[in-house]
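*Asks:* The structure's right below; bear with me while I get my questions together.
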Amino acid sequence: MNRRDFFKIVATTGATAAVAGCQPATEQILPLVVPNEHLIPGVAAWFATVCRECPAGCGVLARNREGRVVKLEGNPDHPVNHGALCGRGQAALQGLYNPDRFAGPLRRDGDALRSLPWDDALKLFADKVTAARGANKARGIAVVTQLENGSAGVLADRFVQAIGARPRVTLEPFGFEAIRAANRQTFGRDAIPYYALQDAEVVISFGADFVETWLSNVDHARGFARMHTFRDGRAGTFFHVEPRQSLTASNADEWIRNAPGTEGATGADALTRIWVLAVAGFIAICAFSGFEATFSLFAGSRFDLTEGPVALIFFAVGVLLVFVQARLVGPVSGRLGPLGALQLGLLFNAAGLALLAVTRGWVLLVVALALLTIGQGLAIPNLTAAVADRAPNERRGEALGFQQRWQAMGRIVGPILAGALFEHVGVSAPYAVGAGLALVAMGVLVRAHGELTVAPVTGQLSGDASQA
Ligand code: SF4
221 MNRRDFFKIV ATTGATAAVA GCQPATEQIL PLVVPNEHLI PGVAAWFATV
271 CRECPAGCGV LARNREGRVV KLEGNPDHPV NHGALCGRGQ AALQGLYNPD
321 RFAGPLRRDG DALRSLPWDD ALKLFADKVT AARGANKARG IAVVTQLENG
371 SAGVLADRFV QAIGARPRVT LEPFGFEAIR AANRQTFGRD AIPYYALQDA
421 EVVISFGADF VETWLSNVDH ARGFARMHTF RDGRAGTFFH VEPRQSLTAS
471 NADEWIRNAP GTEGATGADA LTRIWVLAVA GFIAICAFSG FEATFSLFAG
521 SRFDLTEGPV ALIFFAVGVL LVFVQARLVG PVSGRLGPLG ALQLGLLFNA
571 AGLALLAVTR GWVLLVVALA LLTIGQGLAI PNLTAAVADR APNERRGEAL
621 GFQQRWQAMG RIVGPILAGA LFEHVGVSAP YAVGAGLALV AMGVLVRAHG
671 ELTVAPVTGQ LSGDASQA
């Protein structure tokens, strides 16, 4: 029995037990009675360490009682977390003492795992490695560790090199390799950025749940709280795009709820969608205004109609337009959605214009005009609704103005184009080209369907920086 064992026994059980101290069982039921030099029974000891629950690496002070860590606190002197710990860091003790945690080496035996003593395990390990190296199969050895980028990582790498195994594999569920790779490609630096949120006036986040889990959430929460707090007469503003109402979303001044996986489309973004719709609207208006500008010439040339009957036709078109907008737009839009109704309207436009280009009889003329009018009646209100749906709340007016500008341009370009075609190509040319333009507008919408169907639902949530 060595000196330490002796004192363990004597200190607690007295002389009688000292006699029995040679029994190994006594040693097991009285641990740490003679503690390590830096542990005093009854007095808490604090150890500075680092949280390993995520790659952020917050500084931790671990409270130790009689050899057991009983509480974790943030290290106030640590540059990452300045004394704070997130919920996961606080709960790290649950992992430390989890009964399901492996208490020692295990060996697979069929489907089961059987424990074996450390000496046996080390010998088995050494034998296996030696055998693999002897058979020139060291590259078949895989060394897997958790994220180790300090001296422990260097040690593991040197071991891997020494035995000639493949490079070490690191398992890190919170890995940010995609960000690292993006920075490598974009800036030529294999690095993860530091976000100085406290210095920002406006923060826009696309799916980065930075108060809860992302990168260094304790540091982000602190920076965000400073940025979002009313200081020097103003406070920062925060917009967040995320499908889930996370802690980050709940702290946003405006939370934009998107379909999962579409953060990029949402960001690339509302404006892209407005552009697509505006261009489609421009093409559609070009086609229809070309018809309006040249129809009286067309009707005179092909049907010998004078101004009076043409005016009556335009009157009928107007009445039908009112009817369509009053009675059809709502139900069709309700069933297909504004985007679907817009596409249906463009299809009707294309069909009406194509018929107009080929018609020589009255029946086809009436059908063509009806199709064209119904199409226009469906397309324009739904174009406006589609733009309004897809614009962020605070930019809806701007988006609608943008779309109206493109429509106005269509009203300028359409008649000029149709007049030139009528004059230089032929009577039917404006309508044949117009039908093609309406189909192009449809094609634009179909091609951008994926982006256009990401309609953000916005929710104003009260943001309180102190919650962060
Ligand atoms: S952010 Fe939380 S889990 Fe990650 S290191 Fe810091 S305290 Fe630990």
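Residue numbering for the sequence shown follows the numbering used here, beginning at 221 and increasing consecutively.
Heads up, the beta-carbon is just placed ideally off N, CA and C, and yes, glycines get one too.
Values in this document were obtained by computation on a predicted structure and should not be read as measured data.
(1) Less than 6 Å separating the Cβ of Glu273 from some heavy atom of ligand 1?
(2) Cα separation between Thr514 and Ala638?
(3) Using the rule of at least 16 other Cβ atoms within 10 Å of the residue's Cβ for burial, across every protein chain shown, is Tyr415 buried or exposed?
(4) Verify the contact flag: Leu305, CB atom, against every heavy atom of ligand 1, threshold strictly below 6 Å.
(5) Run the CB neighbour count on Val422, radius 10 Å, all protein chains shown included, and call it buried at 16 or more, exposed below.
(6) Where Gly646 and Ser516 are concerned, what is the direct C-alpha to C-alpha distance, given to the nearest angstrom?
(7) Going straight from the alpha carbon of Asp339 to that of Ile361, what length do you get?
(8) With 16 as the cutoff for other CB atoms within 10 Å, does Ser425 come out buried or exposed?
(9) Return the residue from the list Ala341, Ala655 and Ala420 that minimises the CA-CA distance to Arg328.
(10) Nearest-angstrom Cα distance between Val537 and Leu665?
(11) For Ala668, which three-state DSSP category applies?
(12) Which residues share a DSSP beta bridge with Asn284?
(13) To which residues of the same chain is Gly234 closer than 8 Å at the C-beta, ignoring the five residues directly before and after it?
(14) Rounded to a whole number of angstroms, what is the C-alpha to C-alpha distance between Pro299 and Arg283?
(15) Could you check which residue in Ala668, Leu657 and Phe394 has the C-alpha nearest to that of Ile505?
(16) Can we count Ala276 as close to ligand 1, meaning its CB is less than 6 Å from some heavy atom?
(17) Answer with buried or exposed for Asn602, where buried requires no fewer than 16 other C-beta atoms within 10 angstroms of its C-beta.
(18) Out of curiosity, what's the CA-to-CA distance linking Glu392 and Leu333?
(19) Would you mind giving the Cβ-Cβ distance between Val363 and Arg388, rounded to the nearest angstrom? I have them listed as a contact below 8 Å.
(20) Hey, would you say the C-beta of Val431 is under 6 Å away from at least one heavy atom of ligand 1?
(21) Can you tell me whether Arg353 sits near ligand 1, meaning its C-beta is under 6 Å from at least one heavy atom of the ligand?
(22) Using the Cα positions of Gln314 and Ser553, report the straight-line distance between them to the nearest angstrom.
(23) Which word fits Phe322, buried or exposed, when buried means at least 16 other C-beta atoms lie within 10 angstroms of its C-beta?
(24) By the DSSP assignment, the alpha helix (DSSP H) with Leu316 in it spans what residues?
(25) Please give the ranges of any beta strand (DSSP E) in the stretch 388-474, keeping only runs that are unbroken, at least 3 residues long and fully inside the region.
(26) Would the stretch 560-567 count as touching the stretch 592-609 if we require 3 or more Cβ pairs under 8 Å?
(27) Sorted by chain position, which residues of the same chain lie with C-beta nearer than 7 Å to Ala352's C-beta, five sequence neighbours on each side aside?
(28) Any heavy atom of ligand 3 closer than 6 Å to the Cβ of Asn369?
(29) Using 10 angstroms around the beta-carbon of Tyr651, count the other beta-carbons present and answer buried if the total reaches 16, otherwise exposed.
(30) Any heavy atom of ligand 1 within a distance shorter than 6 Å of the CB on Val374?
(31) For Pro319, count the other beta carbons within 10 Å of its own beta carbon; 16 or more makes it buried, fewer makes it exposed. Which is it?
(32) Straight-line CA distance for Gly630 to Arg555?
(33) Could you have a look at Ala332 and say whether DSSP puts it in helix, strand or coil?
(34) Going by DSSP, what residues sit across from Gly279 in a beta bridge?
(35) Look at Ile503 and Ala398 and say whether their C-beta atoms are less than 7 Å apart.
(36) Within 8 Å, do at least three Cβ pairs link the stretch 285-305 to the stretch 432-446?
*Replies:* Straight from the coordinates:
(1) Along the sequence shown, read from residue 1 onward, the residue named residue 273 stands at position 53. Checking every heavy atom of ligand 1 against the Cβ of Glu273, one is found closer than 6 Å.
(2) Numbered from its first residue, the sequence shown carries residue 514 at position 294. Numbered from its first residue, the sequence shown carries residue 638 at position 418. Their backbone Cα atoms lie some 7 Å apart in a straight line.
(3) In the sequence shown, the residue the question calls residue 415 occupies position 195. With 16 or more other Cβ atoms within 10 Å, it is buried.
(4) The residue given as residue 305 occupies position 85 in the sequence shown. Indeed, a heavy atom of ligand 1 lies less than 6 Å from the Cβ.
(5) Walking along the sequence shown from the start, residue 422 turns up at place 202. It is exposed - the Cβ of Val422 has fewer than 16 other Cβ atoms within 10 Å.
(6) Locating residue 646 in the sequence shown gives position 426, where the first residue counts as 1. Locating residue 516 in the sequence shown gives position 296, where the first residue counts as 1. C-alpha separation (whole angstroms): 14 Å.
(7) Counted from its first residue, the sequence shown places residue 339 at position 119. Counted from its first residue, the sequence shown places residue 361 at position 141. Taking the straight line joining both Cα atoms gives about 21 Å.
(8) Stepping through the sequence shown from its first residue, residue 425 is reached at position 205. Its Cβ being crowded by 16 or more others within 10 Å, Ser425 is buried.
(9) Counting from one through the sequence shown, the residue named residue 328 turns up at place 108. Among Ala341, Ala655 and Ala420, the Cα nearest to that of Arg328 is on Ala341.
(10) Looking up residue 537 in the sequence shown gives position 317. Looking up residue 665 in the sequence shown gives position 445. C-alpha separation (whole angstroms): 26 Å.
(11) On the sequence shown, position 448 is the one that residue 668 refers to. Of the three classes helix, strand and coil, the one that applies to Ala668 here is coil, per DSSP.
(12) Within the sequence shown, residue 284 is the residue found at index 64, counting from 1. Ala265 and Val289.
(13) Along the sequence shown, read from residue 1 onward, the residue named residue 234 stands at position 14. Bear in mind that the predicted position of Gly234 carries a pLDDT of just 38, short of 50, making it unreliable; the figure below should be weighed with that in mind. If the five residues before and after Gly234 are omitted, its C-beta is found closer than 8 Å to no C-beta atom of its own chain.
(14) As a working mapping, residue 299 is identified with position 79 in the sequence shown. As a working mapping, residue 283 is identified with position 63 in the sequence shown. One C-alpha to the other measures close to 20 Å.
(15) For the purposes of this step, residue 505 is identified with residue 285 of the sequence shown, where counting begins at 1. The residue with the shortest Cα to Cα distance from Ile505 is Leu657.
(16) Mapped onto the sequence shown, residue 276 falls at position 56. Within the cutoff, so yes.
(17) Along the sequence shown, one-based indexing puts residue 602 at 382. Its Cβ being crowded by 16 or more others within 10 Å, Asn602 is buried.
(18) Looking up residue 392 in the sequence shown gives position 172. Looking up residue 333 in the sequence shown gives position 113. Distance between the alpha carbons of Glu392 and Leu333 is about 24 Å.
(19) In the sequence shown, residue 363 corresponds to position 143, counting from 1. In the sequence shown, residue 388 corresponds to position 168, counting from 1. The distance from the Cβ of Val363 to that of Arg388 is about 5 Å, consistent with a contact at the 8 Å cut-off.
(20) Position 211 of the sequence shown, counted from the first residue, corresponds to residue 431. Answer for Val431: no, Cβ out of range of ligand 1.
(21) Within the sequence shown, residue 353 is the residue found at index 133, counting from 1. Incorrect: Arg353 has no Cβ contact closer than 6 Å to ligand 1.
(22) Within the sequence shown, residue 314 is the residue found at index 94, counting from 1. Within the sequence shown, residue 553 is the residue found at index 333, counting from 1. The alpha-carbon atoms of Gln314 and Ser553 are separated by roughly 54 Å.
(23) For the purposes of this step, residue 322 is taken as residue 102 along the sequence shown, with counting starting at 1. The residue is exposed, with fewer than 16 neighbouring Cβ atoms inside 10 Å.
(24) Walking along the sequence shown from the start, residue 316 turns up at place 96. First-last of the alpha helix (DSSP H) with Leu316: Ala312 to Leu316.
(25) 389-391, 422-426 and 457-461
(26) Counting Cβ pairs under 8 Å, three or more are found: they touch.
(27) Residue 352 sits at position 132 when you count from the first residue of the sequence shown. Result list for Ala352: Ala358, Gly360 and Ile361, in chain order.
(28) Absent from the structure shown: ligand 3. Ligands present: ligand 1.
(29) As a working note, residue 651 is residue 431 in the sequence shown. Under this definition Tyr651 is a buried residue.
(30) As a first step, residue 374 is located in the sequence shown; it is residue number 154 there, counting from the start. Flag unset: Cβ of Val374 not near ligand 1.
(31) Counted from its first residue, the sequence shown places residue 319 at position 99. Pro319 comes out exposed.
(32) Residue mapping note: residue 630 aligns to position 410 of the sequence shown, counting from 1. Residue mapping note: residue 555 aligns to position 335 of the sequence shown, counting from 1. Rounded to whole angstroms, Gly630 to Arg555 spans 28 Å at the Cα level.
(33) As a first step, residue 332 must be located in the sequence shown, where it is residue number 112. The answer is strand: DSSP assigns Ala332 an E or B state.
(34) In the sequence shown, the residue the question calls residue 279 occupies position 59. Per DSSP, Val270.
(35) Start at 1 with the first residue of the sequence shown, and residue 503 comes out as number 283. Start at 1 with the first residue of the sequence shown, and residue 398 comes out as number 178. In this structure, Ala398 does not lie closer than 7 Å to Ile503 by Cβ.
(36) yes
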